[in-house]
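In our numbering, the protein residues as written are 15 to 257. No residue lacks a Cβ here, since even glycine has one placed at the ideal position from N, Cα and C. Reviewing the structure listed below.
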Amino acid sequence: MRNTRVYLPTPLHAGETVNLDERARHHLVTVLRFESGMSCNIFDGQGNEYSATLEVKGKHAHALLQSKIISPRESPLALHLGQGICRNDRMDWVTQKAVELGVQRITPIITERTQTRMDVKRETKRMEHWQAIIIAACEQSGRCYLPTLHAPLNVPEWLDACTNLDACLLLDPQGAQTVQSLPTNITSAALFIGPEGGLSDKEREAAYQQNWQGLRLGPRILRTETAALTGISILQARWGDFI
């Protein structure tokens with residue numbers, strides 16, 4: 015049985031003692047009922063993971079870092095997901111599964127058909143919520159690198175931000191590309207998924223004018239969360255580490 019994994023946002027080094035932040039302490043001590051002397055793994059989101067022994071003192075806890083754990087789980091494909099903001103539960107699900115499937119960066123996209131509108135206060139809360147989902151998904155999936163969550167962008171901003179990539183793909187039922195026609199030897203890519211109701215004709219045309227390629231996934235209409243999961247999986251199978 016593998017050790018419980020906990021993220022700690024601080025550089026880690028073997029032999030040092032680190033204080034657990036409130037999130038990590040709550041998860042281990044309050045939720046999982048860890049006690050002094052019990053073992054866990056701690057990672058810093060920058061590729062470092064160590065086995066550790068916990069010591070609990072009242073409302074505080076710290077861990078002694080021991081041996082470094084080498085477990086390469088990052089895909090060779092640097093994949094950036096641009097997800098049209100969808101309803102809360104669906105956006106949460108997409109974010110979680112994208113991390114599990116190996117995405118390196120996630121940008122929420124504000125589109126013409128985005129149903130969830132956010133002021134500054136709500137955006138801040140949603141970003142904190144999505145970041146917590148990313149952390150939990152990393153802890154669960156064994157990843158040592160924390161994917162980057164970017165602030166929401168509108169469609170023109172997103173298209174302009176996707177530069178110096180080997181491929182930029184837009185999921186489109188009428189797209190010219192199929193799985194079989196995708197090129198090989200791609201190491202970096204952006205994947206653009208529309209929200210509920212899809213992207214508008216204007217948004218699709220804007221993407222094509224900036225040399226994005228349309229990728230179709232068959233004749234059936236997919237929900238936005240299904241499209242995201244399927245698209246990521248296809249690209250990981252084609253260019254990443256799905257064997």
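Residue i and residue j look like a contact to me (Cβ under 8 Å); what is the Cβ gap, rounded to whole Å?
i, j, result
"E114", "I83", "The pair is not a contact, with the Cβ atoms about 19 Å apart (cut-off 8 Å)."
"W253", "L91", "5 Å"
"A203", "L249", "6 Å"
"A146", "S81", "In fact, because the Cβ distance is near 28 Å, the residues do not count as touching under 8 Å."
"H41", "V20", "6 Å"
"E210", "Q97", "No, E210 and Q97 are not in contact; Cβ-Cβ is about 12 Å, not under 8 Å."
"T31", "H76", "5 Å"
"N17", "S65", "7 Å"
"D255", "G116", "7 Å"
With 16 as the cutoff for other CB atoms within 10 Å, does residue i come out buried or exposed?
i, result
"I257", "exposed"
"H74", "exposed"
"I99", "buried"
"T138", "exposed"
"I200", "buried"
"E239", "buried"
Between the Cα of residue i and those of the options, spot the shortest distance and give me the residue it belongs to.
i, options, result
"Q227", "L196, I200, N33 and T238", "L196"
"F57", "T162, M141, G96 and P23", "P23"
"L95", "V45, E30 and T162", "T162"
"R13", "P187, A165 and V117", "With the chain covering 15 to 257 only, the question about residue 13 has no answer from this structure."
"A198", "P187, E219, V117 and A251", "Just to set this straight, residue 198 is Thr in the shown sequence, not Ala. The residue with the shortest Cα to Cα distance from T198 is A251."
"G212", "Q224, T192, R237 and A221", "R237"
"E49", "N225, E219, D35 and K71", "K71"
"G61", "P187, D255, V134 and S89", "S89"
"S214", "P187, T67, V134 and H143", "P187"
"N132", "K111, A151 and L167", "The displayed chain sequence assigns Met, not Asn, to residue 132. That would be L167, whose Cα lies nearest to the Cα of M132."
Near residue i, what residues of its chain come up, given a Cβ to Cβ distance below 6 Å and the 5 sequence neighbours on each side ignored?
i, result
"R87", "G156 and R157"
"L185", "I207, L229, A241 and G245"
"N178", "none"
"C176", "C182 and A204"
"L243", "K111"
"V193", "I248"
"A151", "Q110, V113 and E114"
"L38", "As written in the sequence, residue 38 is Ala, which differs from the Leu given in the question. Excluding positions up to five away in sequence, the list reads V20 and L22."
Which residues in the same chain have their Cβ closer than 7 Å to the Cβ of residue i, if we skip the five residues on either side of it in sequence?
i, result
"R47", "none"
"E153", "R19, V20 and Y21"
"I148", "T109, V113, L160, P161 and L163"
"L173", "A220, A221 and Q224"
"W144", "T109 and L163"
"R180", "In the sequence on display, residue 180 carries Asp and not Arg. Hits under 7 Å: I200, T201, S202 and A203."
"R136", "none"
Could you name the residues of the same chain whose beta carbon sits closer than 8 Å to that of residue i, not counting the 5 residues immediately before and after it, in chain order?
i, result
"E217", "T125, E126, V169 and G208"
"S247", "L115 and F256"
"I235", "P187"
Looking at the ligand PLP, does it come within less than 7 Å of residue i, judged from the CB to the closest heavy atom?
i, result
"A28", "For the structure depicted, the ligand PLP is absent and the ligand set is empty, with no information on it obtainable."
Are there three or more Cβ pairs, one per stretch, closer than 8 Å when the region 229–237 is compared with the region 121–139? Taking 8 Å as the limit for Cβ pairs, the verdict is that the region 121–139 does not touch the region 229–237.
With a cut-off of 8 Å, do at least 3 Cβ pairs link the region 46–62 to the region 95–108? Taking 8 Å as the limit for Cβ pairs, the verdict is that the region 95–108 does not touch the region 46–62.
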